[in-house]
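Novice: In order, the protein sequence lines correspond to chains A and B.
With the working numbering, letter number 15 in the first sequence gets 15, and the count goes up by one each step, no holes.
To convert, count from 1 in the second sequence and add 273; that's the working numbering.
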Amino acid sequence: MENKQLSIEELNSEARQIRRLIIRMLAEAGSGHPGGSLSSADLVTALYFNILRFNPADPNWPERDRFHMSKGHCCPLWYAVLSRTGYFPEEKLFTLRKFGSILQGHPDRKTPGVESASGSLGQGLSIGLGMSLASRVDKKDYRVYVLLGDGELQEGSVWEAAMACAHFSCDNICAILDANGCQIDGRCEDVMGVEPLAAKWQSFGWHVIEINGHDMGAILAAYREAQTIKGKPTIIIARTVKGKGVSFMEGVIGFHGRAPTPEEAQKALKELA
Amino acid sequence: MAEQLYQRDAYGQALVKLGSSDNNVVVLDADLSSSTRTNLFAKQFPERFFNFGVAEQNMIAAAAGLASCGKKVFLSTFAVFASGRAWDQVRVSISYNNFNVKIVATHAGVTVGPDGASHQALEDIALMRVLPNMNIIVPADAPQTEEAIMAAAGIPGPFYIRMGRSKVPTIENKEKFEFGKAQLLCPGDDAAIVACGLMVEQALWAVKSLAARGIRARLINMHTIRPLDKEIILKAAQETRLIIACEEHSVFGGLASSIDEVVAENFPVKVIRVGVHSRFGQSGEPEELMKEYHLTGPDIEKAVLAHIAQK
Numbered sequence: 001m002e003n004k005q006l007s008i009e010e011l012n013s014e015a016r017q018i019r020r021l022i023i024r025m026l027a028e029a030g031s032g033h034p035g036g037s038l039s040s041a042d043l044v045t046a047l048y049f050n051i052l053r054f055n056p057a058d059p060n061w062p063e064r065d066r067f068h069m070s071k072g073h074c075c076p077l078w079y080a081v082l083s084r085t086g087y088f089p090e091e092k093l094f095t096l097r098k099f100g101s102i103l104q105g106h107p108d109r110k111t112p113g114v115e116s117a118s119g120s121l122g123q124g125l126s127i128g129l130g131m132s133l134a135s136r137v138d139k140k141d142y143r144v145y146v147l148l149g150d151g152e153l154q155e156g157s158v159w160e161a162a163m164a165c166a167h168f169s170c171d172n173i174c175a176i177l178d179a180n181g182c183q184i185d186g187r188c189e190d191v192m193g194v195e196p197l198a199a200k201w202q203s204f205g206w207h208v209i210e211i212n213g214h215d216m217g218a219i220l221a222a223y224r225e226a227q228t229i230k231g232k233p234t235i236i237i238a239r240t241v242k243g244k245g246v247s248f249m250e251g252v253i254g255f256h257g258r259a260p261t262p263e264e265a266q267k268a269l270k271e272l273a
Numbered sequence: 274m275a276e277q278l279y280q281r282d283a284y285g286q287a288l289v290k291l292g293s294s295d296n297n298v299v300v301l302d303a304d305l306s307s308s309t310r311t312n313l314f315a316k317q318f319p320e321r322f323f324n325f326g327v328a329e330q331n332m333i334a335a336a337a338g339l340a341s342c343g344k345k346v347f348l349s350t351f352a353v354f355a356s357g358r359a360w361d362q363v364r365v366s367i368s369y370n371n372f373n374v375k376i377v378a379t380h381a382g383v384t385v386g387p388d389g390a391s392h393q394a395l396e397d398i399a400l401m402r403v404l405p406n407m408n409i410i411v412p413a414d415a416p417q418t419e420e421a422i423m424a425a426a427g428i429p430g431p432f433y434i435r436m437g438r439s440k441v442p443t444i445e446n447k448e449k450f451e452f453g454k455a456q457l458l459c460p461g462d463d464a465a466i467v468a469c470g471l472m473v474e475q476a477l478w479a480v481k482s483l484a485a486r487g488i489r490a491r492l493i494n495m496h497t498i499r500p501l502d503k504e505i506i507l508k509a510a511q512e513t514r515l516i517i518a519c520e521e522h523s524v525f526g527g528l529a530s531s532i533d534e535v536v537a538e539n540f541p542v543k544v545i546r547v548g549v550h551s552r553f554g555q556s557g558e559p560e561e562l563m564k565e566y567h568l569t570g571p572d573i574e575k576a577v578l579a580h581i582a583q584k
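1) Can you give me, in chain order, the residues of the segment 88-108 of chain A that have a beta carbon less than 7 angstroms from any beta carbon in chain B?
2) Tell me whether residue 437 (chain B) is buried or exposed, calling it buried when 16 or more other Cβ atoms sit within 10 Å of its Cβ.
3) Is it the case that the Cβ atoms of residue 430 (chain B) and residue 494 (chain B) are separated by a distance below 8 angstroms?
4) Can you pull the chain A residues whose beta carbon is under 7 angstroms from the beta carbon of residue 299 (chain B), in chain order?
5) Which residues, taken in chain order from the segment 297-328 of chain B, show a beta carbon closer than 8 angstroms to some beta carbon of chain A?
6) On a Cα-Cα basis, can you pick out the residue from A:42, A:122, A:47 that is closest to residue 226 (chain A)?
7) Using a Cβ-Cβ cut-off of 6 angstroms (strictly less than) and excluding sequence neighbours within five positions of residue 476 (chain B), which residues of its own chain qualify?
8) Looking only at its own chain, which residues have a Cβ that is under 7 angstroms from the Cβ of residue 231 (chain A), when we skip the five neighbours before and after it?
9) Name the residue from B:562, B:523, B:486 whose alpha carbon lies nearest to the alpha carbon of residue 575 (chain B).
10) Between the segment 243-253 of chain A and the segment 178-192 of chain A, are three or more C-beta pairs nearer than 8 angstroms?
11) If you pair each beta-carbon of the segment 560-569 of chain B with each one of the segment 527-538 of chain B, do three or more pairs fall below 8 angstroms?
12) Judging by CA-CA distance, which residue of A:111, A:122, A:192 is the nearest neighbour of residue 87 (chain A)?
13) Return no unless some Cβ of chain B is closer than 8 angstroms to the Cβ of residue 203 (chain A).
14) So that I know if they touch, is there some Cβ in chain A lying closer than 8 angstroms to that of residue 344 (chain B)?
15) Just to check my reading of the structure: residue 50 (chain A) and residue 220 (chain A) have Cβ atoms closer than 8 angstroms, yes? What is that Cβ distance to the nearest angstrom?
16) Using a Cβ-Cβ cut-off of 8 angstroms, state whether residue 160 (chain A) counts as contacting chain B.
17) With DSSP as the reference, identify every bridge partner of residue 543 (chain B), one or two as the case may be.
18) Mind listing which residues of the segment 142-159 of chain A have their C-beta closer than 7 angstroms to chain B's C-betas, in chain order?
19) Do you know how far the Cα of residue 28 (chain A) is from the Cα of residue 101 (chain A)?
20) Residue 79 (chain A): beta carbon under 7 angstroms from a heavy atom of the ligand FMN?
21) At 4 residues or longer, and completely inside the segment 306-356 of chain B: list those alpha helix (DSSP H) runs for me, N to C.
22) Pair every Cβ in the segment 356-370 of chain B with every Cβ in the segment 446-465 of chain B, then say whether three or more of these pairs are closer than 8 angstroms.
23) Would you tell me roughly how many angstroms separate the C-alpha atoms of residue 208 (chain A) and residue 235 (chain A), rounded to the nearest one?
24) Tell me the residue span of the alpha helix (DSSP H) that contains residue 261 (chain A).
25) Which residues of chain B have a Cβ atom closer than 8 angstroms to the Cβ of residue 119 (chain A), listed in chain order?
26) Tell me the rounded alpha-carbon separation between residue 378 (chain B) and residue 302 (chain B).
27) Counting C-beta neighbours from all protein chains within 10 Å, is the total for residue 192 (chain A) 16 or more, i.e. buried, or is it exposed?
28) Is there a C-beta anywhere in chain A that falls below 8 angstroms from the one on residue 338 (chain B)?
29) Establish whether the CB of residue 331 (chain B) and some CB of chain A are separated by less than 8 angstroms.
30) Measure how close the beta-carbons of residue 456 (chain B) and residue 392 (chain B) come, nearest whole angstrom, since I'm counting them as under 8 angstroms.
31) Got a sec, what are the start and stop residues for the beta strand (DSSP E) residue 149 (chain A) sits in?
32) Among residues of its own chain, excluding the 5 on either side of residue 53 (chain A), which ones have a beta-carbon nearer than 8 angstroms to its beta-carbon?
33) If you run the structure through DSSP and keep just helix, strand and coil, what is residue 211 (chain A)?
34) Below 6 angstroms CB to CB, which residues in the same chain sit around residue 334 (chain B) once its five sequence neighbours on both sides are set aside?
35) Three Cβ pairs or more, each shorter than 8 angstroms: is that satisfied between the segment 321-333 of chain B and the segment 157-164 of chain A?
36) For residue 177 (chain A), name the three-state secondary structure that DSSP assigns.
So, in structure tokens, the structure goes:
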């Protein structure tokens, strides 16, 4: 199945639509995590519309590329993208976090297109590693993409996985780091410093690409560069702004895990018009 | 004297058999492959074996990733690490996802011996038993270990299979292993001894010794802890009115607790717990430790004698 291959302009427009959906879903749900959903929106939009190989009509197609959202709390973004790419109808999005919904508060395999649960941080890169090893056993050429958060890097298990991905030379793994610099209790540098990110990943044996995570051209170029790297895994360290796209959410720690009020949602949607 | 065999040898050999017949089987270990015997599989099928080093959390979540792609995953390490070290990974990535991952834990219980308390898992059944979707088998001896591994391989979903470090005698057992269905090894209506793992051998000793005193104790090999064979428990409760639960594990959360839950809800009778009573293990030879923690045949016999009069 071929991607739509949108132009950069179209991707930016699509990402804006997805941000609008995120705001509407969270306002309807009354809880959830807007900050990180908005900061990684451009990265995930570009991936699904121009890079990832998948078939919404056959979510279990064995040849599909794998995407796993290790920072599971940003699932409103994932759900919006899955809906926009045809996995389920848009109206389902507004059942987010409600009883009986296929869209749980954190990812669950009930959702078409979701490969594995997440929500407990620090497990996703290991899951991606398992998917990569399976491709080796099965001699398949799919690629594996894992979205990580920078606060998440404080989980030691991420580094167990980082070490192993390099040890096993998993060059079909592309980790995407949404480095928005914020976590629940404050700036990462204040809570528990994670820098220097590029040097850390390089020293673990990874190919590192550092970009502005809101520059569509740079995002696409990074994904394409990652596809050419042999013998080692790649990480795209994407410098992002938490709450990107909504002026009063940008860089505001308080919007890590608080949904917008109806008034805030109206204001946000005007900005994203 | 019955033949003494390592359960982990039987496990390693079973893996090789499975590997030959099913290309989908992959095996993971965390730097203990010579102890757990997954090295037998590694030697035969190096392209389907992955050593994760000393990183159990990564191994267990990676097992989930492999299973999500349709692989049948067996992973091994010591029981302390397989259950406790990476419990959150087992919970979220394996149990919640209901993935086809078989956690095969070796070196459980005090019979680990000289390595001492840090390496003697006495809580692992409890930790695994509370997880939805998790199936638990504690085979009694080496032949039953092979049967259990083969059975688990044919049933999709997460399993925790537990065995010890030491050689164990092969028990006289004419019944075929059936997952989820306990084995009645000896008939008797005076008391029911329900045991798992190497405690089955101890219980057999107690049954014979009690018989010499004219007491007919029933012996049940409860190899599957979850799902528990409730029928055989209730029948034993009704027909004997006294159950002795025997496990090389804490008396909290394991076999005894499983039995308690069934009888308390359906047919309350006394359940006496022969197991480890809220203590850590310690260094020593397996036989010394079995005595110290009151896990021997004579301990089981004593429990029966102490309670049979009050039935």
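All C-beta atoms in this analysis are idealised placements derived from N, C-alpha and C, irrespective of residue type, glycine included.
Specialist: According to the structure data:
1) none
2) buried
3) no
4) 137
5) 299, 320, 321, 323, 325, 326, 328
6) A:47
7) 466, 468, 492, 519, 573
8) 169, 171
9) B:486
10) yes
11) no
12) A:111
13) no
14) yes
15) 6 angstroms
16) yes
17) B:515
18) 157
19) 13 angstroms
20) Of ligands this structure carries none, so the ligand FMN is not represented either.
21) 306-309, 312-317, 329-341
22) no
23) 5 angstroms
24) Residue 261 (chain A) -> no alpha helix (DSSP H), and no H or E assigned at all.
25) 365
26) 10 angstroms
27) exposed
28) yes
29) yes
30) Actually they are not in contact, since the Cβ atoms of residue 456 (chain B) and residue 392 (chain B) sit about 30 angstroms apart, beyond 8 angstroms.
31) 144-149
32) 1, 3, 63, 64, 65, 142, 143
33) strand
34) 362, 366
35) yes
36) strand
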